[in-house]
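Below: the structure, in structure tokens.
Numbering (the working numbering), first residue to last: 2 to 252.
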């Protein structure tokens with residue numbers, strides 16, 4: 002019997018890579034939780050519209066608890082991968098948006114999965130390393146959401162687990178992010194404006210992130226446990242940009 006996996010955030014960079022992988026599996030049926038306007042296929046992002054017959058979908062705004070409950074009931078899933086979030090690449094994300102989408106949305110999804118005794122056996126929540134310092138509203142809201150997830154794991158024994166995703170990169174990443182932007186500038190023979198670039202990041206290719214997410218679904222983990230998805234090695238931002246320019250020059 003195929004395992005039904007509900008995915009939030011499938012319109013995003015990592016979600017798109019995850020969906021592509023799930024569609025190639027013979028033992029998994031992907032079900033996407035999409036915002037209600039996307040029930041009109043004309044409004045779907047082009048890549049989702051092109052494969053609309055290949056996945057199932059339910060519709061809800063995660064900020065609305067009752068709509069989220071309805072979507073989880075209709076999905077009849079065994080596992081949930083929660084990638085949806087607001088402001089991952091927006092340094093000016095408002096506090097209100099961060100709290101309503103990232104905190105309230107995550108709590109609503111967790112409650113919908115487990116308060117109603119549906120078929121969910123595991124909820125995997127995407128996390129960010131930025132939670133540790135919480136220097137912006139995005140990271141702070143993600144950190145707060147995870148505190149609730151841990152609370153539910155400790156007090157209710159809900160099978161909620163975290164996947165802390167380090168600096169993912171790869172196909173279909175937003176153009177304004179570092180590697181696509183630097184690659185575009187290098188290919189055009191333009192300089193790439195950069196501050197000191199001394200920040201150390203753990204870079205991980207998006208297909209490795211997907212492999213890690215699926216491995217976490219099958220791993221034996223205690224409620225509230227987080228798995229880290231990274232390479233285990235750091236590289237400075239400036240060094241990565243330099244390498245991009247060197248590779249372009251070689252070709």
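All residues carry an ideal CB built from backbone N, CA and C; glycine is no exception.
query = At which residues does the beta strand (DSSP E) containing residue 75 begin and terminate?
reply = Your numbering for residue 75 matches position 74 in the chain shown. Per DSSP, residue 75 belongs to no beta strand (DSSP E); it is in the alpha helix (DSSP H), 66-76.
key: contact_flag[the stretch 160-167, the stretch 212-228] where n(CB pairs < 8 Å) is 3 or more   = yes
ask   = How about the stretch 22-38 and the stretch 50-69: do they share at least three Cβ pairs that are nearer than 8 Å?
value = yes
key: Distance, residue 250 Cα to residue 102 Cα   = Indexing the chain shown from 1 puts residue 102 at position 101. Indexing the chain shown from 1 puts residue 250 at position 249. C-alpha separation (whole angstroms): 42 Å.
Rounded separation between residue 39 and residue 87 - CA only = To locate residue 39, count along the chain shown from 1; it is residue 38. To locate residue 87, count along the chain shown from 1; it is residue 86. Cα-Cα distance, rounded: 17 Å.
ask   = Between which two residues does the alpha helix (DSSP H) containing residue 110 stretch?
value = Locating residue 110 in the chain shown gives position 109, counting from the first residue. From DSSP, the alpha helix (DSSP H) with residue 110 extends over 106-115.
message = Between which two residues does the alpha helix (DSSP H) holding residue 153 run?
response = Position 152 of the chain shown, counting from 1, holds the residue named residue 153. First-last of the alpha helix (DSSP H) with residue 153: 138-157.
request  = Just the C-alpha distance for residue 97 and residue 140, rounded to the nearest angstrom, thanks.
outcome  = On the chain shown, position 96 is the one that residue 97 refers to. On the chain shown, position 139 is the one that residue 140 refers to. Computed Cα separation, rounded: 13 Å.
query = Which term fits residue 194, buried or exposed, when burial requires 16 or more other beta carbons within 10 angstroms of its beta carbon?
reply = Along the chain shown, read from residue 1 onward, the residue named residue 194 stands at position 193. With fewer than 16 other Cβ atoms within 10 Å, it is exposed.
message = So residue 176 and residue 182 are supposed to be a Cβ contact under 8 Å. How far apart are they, rounded?
response = Here the question's residue 176 lines up with position 175 in the chain shown. Here the question's residue 182 lines up with position 181 in the chain shown. The Cβ separation is near 7 Å, so the contact holds.
message = Counting beta carbon pairs with one atom in the stretch 138-158 and one in the stretch 186-200, are three or more of them shorter than 8 Å?
response = no
query = With 9 Å set as the bound, which would you pick, yes or no: does the beta-carbon of residue 171 sit closer than that to a beta-carbon of chain C?
reply = Among the chains in the structure shown there is no chain C, since it carries only a single protein chain.
key: Separation of residue 16 from residue 320, as counted between CA atoms   = Because the chain is modelled from 2 through 252, residue 320 falls outside the range shown and cannot be assessed.
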